[in-house]
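Novice:
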Amino acid sequence: MESYALWDIDGTLLKNGAKAGSLYDIAVAEVTGFVAGTASPGEHGKTDGQIISERLAQYGLDPAHHSAVGARLDELSTEANLGPNRRELTAGVPEALAAVAAAGWTNALLTGNSPTRARVKLVGAGLSEADFDWDMSFFGQTALKRSDITAAARVGLAGLTSVIIGDTPSDGSAADAAGIPFIAVATGVFDRSVLEATSARVVLDDLVSGLPGLLDELKRIGSEG
Ligand SMILES: [Mg+2]
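Everything in the sequence shown is counted per our numbering, starting at 1128 for the first residue and increasing by one.
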């Protein structure tokens, strides 16, 4: 039976981007003409669809702008992530992806990003598109909450073994909602103690020191399959 390791991107495979949050407001401004004041904090673990929806509501703008803002966000992200604002891998990512694949798992994505944003962020940071199964990956450009993405994964991967690897409590609660096991990695903004309070089967400090623990847990999950 096929097994899928569903990786989160921001804070998990990639270090969080310093300017990542500002692109939403730039896209909103370019589509609607509304210029926001200060950037909104605390978006970690939210989906693109959710952030766009919340900002349109916060600014009193028509929710019908959602798809145009998302499309512009894709373009802005492509310029940034393949150009001046390339993102950086967290430590040990290529080795971890290779080890997970060698253990018989297919690497795929479960992310709040759109497919375009996922692709340009990962490729810009030096990974290859071929590192992931894009057909068995799940994205968040229209999702209004993270559990919408995990619900889609539960349907798309019905009968198959899967696990979600992410850096936020939201990854954990969305995994719980779909009955998918969760592994946490403390390379984002949440530290170990916060992640230990989630349903995480194991909390990894990072993908270097945590790689043996990750592989052990995958073996355990696979045997439960
Ligand atoms: Mg994340």
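Beta carbons are placed, not taken as given, at the ideal position from N, Cα and C, and that holds for glycine.
At what residues does the alpha helix (DSSP H) containing A1302 begin and finish?
Specialist: P1296 to A1305 is the extent of the alpha helix (DSSP H) around A1302.
Novice: Note down the Cα distance separating A1302 from F1309, rounded to an integer number of angstroms.
Specialist: So the two alpha carbons sit approximately 6 Å from each other.
Novice: Within 10 Å of its beta-carbon, does E1323 have 16 or more other beta-carbons around it, so buried, or fewer, so exposed?
Specialist: Classification of E1323: exposed, given that the 10 Å Cβ count is below 16.
Novice: Is any heavy atom in ligand 1 found nearer than 7 Å to the beta carbon of H1171?
Specialist: Yes, the beta carbon of H1171 sits closer than 7 Å to at least one heavy atom of ligand 1.
Novice: Can you confirm whether the segment 1261–1268 touches the segment 1146–1157 when touching is taken to mean that 3 or more C-beta pairs between the two stretches lie within less than 8 Å?
Specialist: Too few Cβ pairs lie closer than 8 Å, so no.
Novice: Compute the minimum distance between the beta carbon of D1318 and the heavy atoms of ligand 1, and state whether it is under 7 Å.
Specialist: No, since every heavy atom of ligand 1 falls outside the 7 Å radius drawn around the Cβ of D1318.
Novice: According to DSSP, is G1176 part of a helix, a strand, or is it coil?
Specialist: The answer is helix: DSSP assigns G1176 an H, G or I state.
Novice: Going by beta-carbon coordinates alone, are V1312 and T1139 separated by less than 8 Å?
Specialist: Yes. Within cutoff.
Novice: Less than 8 Å between the C-beta atoms of K1248 and Q1177, yes or no?
Specialist: Going by C-beta atoms, K1248 is not nearer than 8 Å to Q1177.
Novice: Since I1276 contacts A1270 with CB under 8 Å, what's their CB separation in whole angstroms?
Specialist: I1276 to A1270, Cβ: 5 Å. Contact.
Novice: When the Cα atoms are used, what is the spatial distance from H1192 to G1349?
Specialist: Using only the alpha carbons, I get a separation of about 43 Å.
Novice: Quick one: what's got a C-beta closer than 7 Å to R1246's C-beta in the same chain, skipping five residues either side?
Specialist: Excluding positions up to five away in sequence, the list reads E1256.
Novice: What first and last residue would you give for the beta strand (DSSP E) that runs through I1292?
Specialist: Start and end: T1288 to G1293.
Novice: Hey, quick one: how far does the alpha helix (DSSP H) through S1350 stretch, first residue to last?
Specialist: Looking at the DSSP string, the run of the alpha helix (DSSP H) that includes S1350 is L1338 to E1351.
Novice: Beta carbon of D1189: closer than 7 Å to some heavy atom of ligand 1?
Specialist: For ligand 1, not one heavy atom lies less than 7 Å from the Cβ of D1189.
Novice: State the beta-bridge partners of I1310 as determined by DSSP.
Specialist: Partner(s): I1292.
Novice: Indicate whether the contact test is met: 3 or more Cβ pairs, each with one atom in the segment 1207–1224 and one in the segment 1327–1347, closer than 8 Å.
Specialist: Verdict: yes, contact present.
Novice: Would you list the one or two residues that DSSP bridges to D1137?
Specialist: In the DSSP output, where bridge partners are listed per residue, D1137 has L1141.
Novice: May I have the straight-line CA-CA distance separating R1319 from D1294, to the nearest angstrom?
Specialist: Going by the C-alpha atoms only, they are around 10 Å apart.
Novice: With L1322 as the anchor, note down where its alpha helix (DSSP H) starts and where it stops.
Specialist: Taken as a continuous stretch (DSSP letters only), the alpha helix (DSSP H) holding L1322 covers R1319 to E1323.
Novice: Which of helix, strand or coil does DSSP assign to S1194?
Specialist: Looking at S1194 - three-state DSSP - the assignment turns out to be helix.
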